[in-house]
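What follows is a set of notes on a single structure, which appears directly below.
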Amino acid sequence: MKRLIRYTVIIFLGFIISGCSTSPVCVTSSLTPLQGKTVTGNLGECSGSDTAWSILGIYMIGRPDINRAVQKALDSKKGDTMINVRCYETYSYFLFFSTSTVTVEGDAIKFAEPAVAEEKKGKGK
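Residue numbers (the working numbering): 964 to 1088.
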């Protein structure tokens, strides 16, 4: 019986010491202004994330970078930018270390190639 109580206390303490929390960072309609650009297609839902580790909650190894998370999301669909963007950060705590993860989700879109202006014809150089 003492063994069962000991294991129960150890498992309970493990749940108390470890944990997770998620908080929203941003919600935006687009990463880049769409005015004056032609969207050729919606490539669908994409997501990317970047993680950093921390030892004892004090020494962080790297920092989660939102730009890397966006680039990973766009690379997965080969898009130019994202619309309907949602960002959030998740903290996971364990016994001696923790992680901090930034996640970006949205719809990847592709722009039309800009038209090359023809050279002006006329007299001169």
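Heads up, the beta-carbon is just placed ideally off N, CA and C, and yes, glycines get one too.
query                                                                                                                                                                : result
Can you grab the Cα-Cα spacing for the pair Gln998 / Ile973, in whole Å?                                                                                             : 58 Å
For Tyr1051, which residues from the same chain have a beta carbon less than 7 Å from its beta carbon, with the 5 sequence-adjacent residues on both sides left out? : Thr985, Ser986, Pro987, Val988, Thr1066
Tell me which residue opens and which closes the alpha helix (DSSP H) that Ala1036 is part of.                                                                       : 1029 to 1040
Under the rule that 16 or more other beta-carbon atoms within 10 Å means buried, what is Val915, buried or exposed?                                                  : Past the edges of the chain, shown from 964 to 1088, lies residue 915, and the structure says nothing about it.
Classify Thr1044: buried if its beta carbon has 16 or more other beta carbons within 10 angstroms, exposed otherwise.                                                : buried
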